[in-house]
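Peer 1: Structure in structure tokens, see below.
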Amino acid sequence: MHIDARKLSANNIIEGDICIIGTGPAGLSIALDWMNTPYKVILLEAGGFEYDDSVQDMLSGDATGQRYFPLRSTRLAQFGGTSGHWAGMCSPFDEIDFEKRDWVPNSEWPISKKDLEPYYEQAHFPLKLGPYNYDLGFWQEQWPNLNPFPLDENVIWNKVWQLSKVSGWNGGLKQAYQDLIIKAPNIQLYTYATLVDIKGNEPVNSVQEVEINNRSNNTLKVRAKHYILAMGAIQNARMLLASNRQAKNGLGNDHDLVGRFFMEHLEVDTAEMWLLKPFPTELNHFNQQLMFWNELALRKEVLRNEKILNGTCGLSPTAYARHVTPRIDVWQNEDPRESVDNIFKSWDEAEEKAKAHNQGAIMRAFTFQTRMEQSPNPNSRITLSEKKDAFGVPLANLNWELSPLDKRSLRRINQIMAKEVGKAGIARVKLNDFLIDESDDSFPKSTNGGWHHMGTTRMGASPNKGVVDIHCQVHGINNLHVAGSGCYVTSGAPNPTLTLVAFALRLSDRIKERIKQES
Amino acid sequence: MKRRNFMLLVSAGVVAVSVPFVNQVYFDIPDYDKESIFPQFLSLIWDEESISDIGAKYAAKFPEESRERSLAKALFSDSASQSKDKLLALTQSDFFNGNLVTIDGWVLSKTEARQCALHYIMNQTKA
Ligand SMILES: Cc1cc2nc3c(=O)[nH]c(=O)nc-3n(C[C@H](O)[C@H](O)[C@H](O)COP(=O)(O)OP(=O)(O)OC[C@H]3O[C@@H](n4cnc5c(N)ncnc54)[C@H](O)[C@@H]3O)c2cc1C
């Protein structure tokens, strides 16, 4: 059932078994998982089914530190969340991403990849991905020309991505699930229902109710057995910090961890690989039919020996890539729709300019687009701003801070790739200028993030290590849970959504178990 | 003979004796095939101007290797290394051994970078 909350009068009390706040990939995956169960699900969404500037305003905020996109346009406040703009690229984290690495400060996960494995497979369903198989061999059987470069397999491997059929250009999860959710008898979807406060009992070890503003100047209350924050990593942290009437530093923040360890993926053009001779392969093209993508990755033994972060290199034809303006320069409009348009325009322009190159060695040159995790850094963080949204809730500020380990890793990944293609006798690599000086730890202003927000409500075995426990429950608050990439301890190299949906489904299972036990 | 003249003669004699020796050790340029200095792999992606340009940058970065004799010695001191094939193999093994150098961002084998430098110097001499 769908209810437009704007039509509700004040002091309405909405009751259900679970209350999910946010309808992006995290929130919707959980809602779909509870469809056709005997439980009543309250699903709250700040926006409506279409873009609305006045709702989007709550995502505004200032950014300091490493230059970033306008916060307002990095997310979408409407049904389906940011899946309305995402590109749909999915690949699971590697085993090493969950391991404690002594050269990466604060990298200790309390769970391993094995704990998440079954949920990765399940996450393929809401994201409409192909079979849960990321071995290159499997994909080569479907498509014969996926020839890998003849590189040393002890050093480099080919990491596979799948492309979701519910990407932004297909309308995202909204297009796929709007009707299904509305028709689900046990789900009550409230649009234009913005969370403005979370209220605990005394002594704040359980949530009693949450307060919702309906944009018609009415405050409504929602009461449920369990509450799931699924508003995205920045907004989840913001609302925990802003719910500070009972706990001075915000909910779940006794150890000053909420908002800290904000991580992005670095997605940067780092080098050019010039093939000495043509190498016939379709491995490194976007394969629209197969919904497949591939990048060069480093073996975990190499990462260990080198003491560097995990990262992969995608290949883009240099004749084209040289003309692409860094997305951080292009995506500067506060309106996400304008920013998307600007990105597409800039790609079209680059394609036009690339036509000028039609012969010579540049035709077999490829730009490495390195995608890399950011090391967890407590100073890279979300805080509350002095500025407030329309409902008087402080906006979020971001201080994005990168570290020398990030820079050294980015450089070493490319140097190792350069060595390996040289060893194989297939190419030479030119590092981009910003990587040449080994004593330079800085990042240029043109450094791109991937629009991926992670780490602000990190997982930890104990409250002084993390905001949420191994089940994504906020430490010390027994019915408050967080779904999303905010729970990551480290960010892995791949795009975050597949993994965050896997976490959301794991959380969903956990709450089902608990609700059964509790009744 | 006055002592001063004696000294001069002796020192001249010393010089006369030592010049061929010094030449052999310090100034002798190994005999090498001028054709072989062109870096084979790099010529697949660069034109001659780019090769010279990288060569000039290599010579500037390593001034001790900015003359024909030092470069030729580094490349051709082993008489077996004078063939093109041997240089290709050396280039390859540089990548295996990590004997690499970054010039203007290019991650190159030391051998091929030296070839570029020698090519640059020889072209300068011609000009
Ligand atoms: C241009 C772009 C391309 C991307 N490409 C990829 C990609 O290829 N692969 C990938 O893995 N990821 C990609 N991403 C990231 C991906 O979109 C996010 O990881 C994903 O959407 C996060 O899901 P979520 O459900 O946690 O949050 P969101 O999708 O942001 O959803 C949060 C929802 O919560 C609602 N909400 C927020 N605050 C409140 C409140 N106070 N009350 C009620 N509701 C609220 C919002 O309106 C929204 O609907 C991309 C992002 C962008 C911008």
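Chains as they are written, first to last, in our numbering: chain A, 401 to 919; chain B, 12 to 138.
For every residue, glycine included, the Cβ atom is placed at its ideal position computed from N, Cα and C.
As the structure is a computational prediction, the values presented were derived from the model and not from experiment.
Would you decide whether Glu918(A) is buried or exposed? Buried here means 16 or more other CB atoms lie within 10 Å of its CB.
Peer 2: exposed
Peer 1: Applying the 10 Å Cβ sphere with the 16-neighbour rule, what's the burial state of Met401(A)?
Peer 2: exposed
Peer 1: Looking at the structure shown, is Gln759(A) part of a helix, part of a strand, or coil, going by DSSP?
Peer 2: coil
Peer 1: Under 9 Å between beta-carbons, which chain A residues line up against Gly109(B)? List them in chain order, please.
Peer 2: Lys819
Peer 1: Excluding the 5 residues preceding and the 5 following Gln608(A) in the sequence, name in chain order all residues of the same chain whose CB lies nearer than 8 Å to its CB.
Peer 2: Lys599, Gly600, Asn601 and Arg623
Peer 1: For a contact defined as C-beta to C-beta under 9 Å, what are the partners of Gln815(A) on chain B?
Peer 2: Leu111, Thr113 and Val118
Peer 1: Give me the chain A residues within the contact set of Phe52(B), using Cβ-Cβ distance strictly less than 8 Å, ordered along the chain.
Peer 2: Near Phe52(B) (Cβ distances below 8 Å), the residues of chain A are Leu676, Gly825 and Arg828.
Peer 1: Quick one: give me the first and last residue of the alpha helix (DSSP H) that Cys872(A) is part of.
Peer 2: First-last for Cys872(A): undefined, no H or E at that position.
Peer 1: Over what stretch of residues does the beta strand (DSSP E) that includes Lys440(A) continue unbroken?
Peer 2: Segment: none, Lys440(A) is in no beta strand (DSSP E) and carries neither H nor E.
Peer 1: Taking only three categories from DSSP, how would you classify His130(B)?
Peer 2: His130(B) sits in a helix when the DSSP states are folded into three classes.
Peer 1: Quick one: is the Cβ of Gly632(A) within less than 7 Å of any heavy atom of ligand 1?
Peer 2: For ligand 1, at least one heavy atom lies less than 7 Å from the Cβ of Gly632(A).
Peer 1: Starting from the N-terminal side, write out each stretch of the alpha helix (DSSP H) that is 4 residues or longer and does not extend beyond the stretch 755-837 of chain A.
Peer 2: 804-823
Peer 1: Find the residues of chain A that neighbour Phe106(B), judging by a C-beta separation of less than 7 Å, and give them in chain order.
Peer 2: Lys819, Gly822 and Lys823
Peer 1: By alpha-carbon positions, which one of Leu529(A), Gln478(A) and Gly659(A) ends up nearest to His853(A)?
Peer 2: Gly659(A)
Peer 1: Relative to chain B, which residues along the stretch 736-768 of chain A have a C-beta separation below 7 Å, given in chain order?
Peer 2: Ala761
Peer 1: Answer yes or no: the CB of Met489(A) versus the heavy atoms of ligand 1, is any distance below 7 Å?
Peer 2: yes
Peer 1: Please classify Phe32(B): does DSSP put it in a helix, a strand, or coil?
Peer 2: Because Phe32(B) carries a pLDDT of 39, less than 50, the predicted location of this residue cannot be relied on, and no value is offered for it.
Peer 1: With the cut-off set at 8 Å, would you say Ala593(A) and Ala446(A) are in Cβ contact?
Peer 2: yes
Peer 1: Taking the DSSP output, what are the residues bridged to Ser120(B)?
Peer 2: Ser120(B) pairs with Leu111(B).
Peer 1: Considering only heavy atoms of ligand 1, does any lie closer than 7 Å to the CB of Leu580(A)?
Peer 2: no
Peer 1: Give me, in chain order, the residues of the same chain whose beta-carbon lies closer than 7 Å to that of Ala477(A); leave out the 5 immediate sequence neighbours on both sides.
Peer 2: Ala446, Gly447, Val455, Gln456, Met458 and Leu459
Peer 1: 8 Å is my cut-off, CB to CB: does Gln126(B) come that close to chain A?
Peer 2: Chain A contact via Cβ: absent.
Peer 1: Tell me whether Gln646(A) sits in a helix, a strand or coil according to DSSP, three-state version.
Peer 2: coil
Peer 1: On the DSSP letters alone, give me the boundaries of the alpha helix (DSSP H) that Glu79(B) sits inside.
Peer 2: Glu79 to Phe87
Peer 1: How many whole angstroms separate the CB atoms of Thr122(B) and Asp96(B), which I take to be in contact at a CB cut-off of 8 Å?
Peer 2: Taking the Cβ atoms as the reference, Thr122(B) lies roughly 13 Å from Asp96(B), outside the contact range of under 8 Å.
Peer 1: Does Ile413(A) pass the burial test, meaning 16 or more other C-beta atoms within 10 Å, or should it be called exposed?
Peer 2: exposed
Peer 1: Take every Cβ of the stretch 805-815 of chain A, pair it with every Cβ of the stretch 707-724 of chain A, and state whether three or more of those distances are shorter than 8 Å.
Peer 2: yes
Peer 1: List, in chain order, every chain B residue whose beta-carbon is nearer than 9 Å to that of Ile556(A).
Peer 2: Those within 9 Å of Ile556(A) in chain B number zero; the least Cβ separation is about 14 Å.
Peer 1: Check the Cβ of Leu129(B) against every Cβ in chain A and list those closer than 8 Å, keeping chain order.
Peer 2: Simply none; closest approach about 18 Å.
Peer 1: Hey, is Glu445(A) close to ligand 1, as in C-beta under 7 Å from one of its heavy atoms?
Peer 2: yes
Peer 1: Thinking C-alpha only, which one of Ala128(B), Ser47(B), Leu119(B) and Phe49(B) is nearest Phe73(B)?
Peer 2: Ala128(B)
Peer 1: Provide the residue span of the alpha helix (DSSP H) that contains Gln542(A), from first to last.
Peer 2: Leu536 to Gln542
Peer 1: I'd like to know whether the C-beta of Ile836(A) is nearer than 8 Å to at least one C-beta of chain B.
Peer 2: yes
Peer 1: Taking Cβ-Cβ distances below 7 Å as the criterion, which residues of the stretch 62-87 of chain B are in contact with chain A?
Peer 2: none
Peer 1: Can you find the residues in the same chain that come closer than 6 Å, C-beta to C-beta, to Leu805(A), ignoring five residues on each side of it along the sequence?
Peer 2: Ser775
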